[in-house]
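Take 38 as the starting number for the sequence shown in our numbering and just add one per residue. The beta carbon of each residue, even a glycine, is placed where N, CA and C say it ideally should be. Here the structure is a predicted model, which is why all the values come from computation and not from measurement.
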Amino acid sequence: MKKSLVNMVKVAAVAGLALLAVSCGSTKLYSWYDYQEDYYHAMKNSDEKSVAELAKTYQKIIEKQKESRKIVPPGIYADYGWMLLQSGKTAEGKEMLAKEVELYPESEVFVGAILKRYTK
């Protein structure tokens with residue numbers, strides 16, 4: 038009986054280590070490219086060059102999604118749409134916001150509030 042208990046503990050320990058090793062692996066769901074850096078610089082500097090770089094990054098994320106899900110990460114369409122609305126490109130901005138809701142229906146309340154502000 039003691040021997041079977043010891044074997045069960047060994048099997049449980051090996052299974053636990055295997056599970057730990059598998060869970061530590063990094064699985065990238067989305068390609069973010071330089072989003073974090075470009076967003077930081079655009080918010081910090083608020084100059085045309087930084088905002089243009091951020092717009093290029095948004096376009097790159099949208100056009101070249103290559104990680105495992107192969108779809109645009111949540112919030113990218115909404116953020117890009119908001120930026121377009123603020124720069125006066127209303128039709129394009131609304132299109133991006135609609136794509137956000139299409140991909141992520143849970144964002145409809147948030148996006149609806151943005152659209153309500155711009156349809157007055």
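No residue range can be given for S83, since it is assigned to no alpha helix (DSSP H) and is classified by DSSP as neither H nor E. DSSP places V148 within a helical segment (H, G or I) once states are collapsed to three.
Three or more Cβ pairs closer than 8 Å define a contact, and the region 139-150 falls short of that threshold against the region 123-130. Under the three-pair Cβ rule at 8 Å, the region 99-106 does not count as touching the region 74-83. Looking from the CA of W119, the closest CA among E100, Y67, K153, L42 belongs to K153.
Within its own chain, the residues whose Cβ lies closer than 7 Å to the Cβ of Y117, once the five positions on either side in sequence are excluded, are Y95, M133, listed in chain order. Shortest Cα-Cα distance from S83 to any of S124, I113, A135, E100 involves S124. A straight line joining the alpha-carbon of E90 with that of K136 spans about 22 Å. A150 sits exposed, since fewer than 16 C-beta atoms from the chains shown fall within 10 Å of its C-beta.
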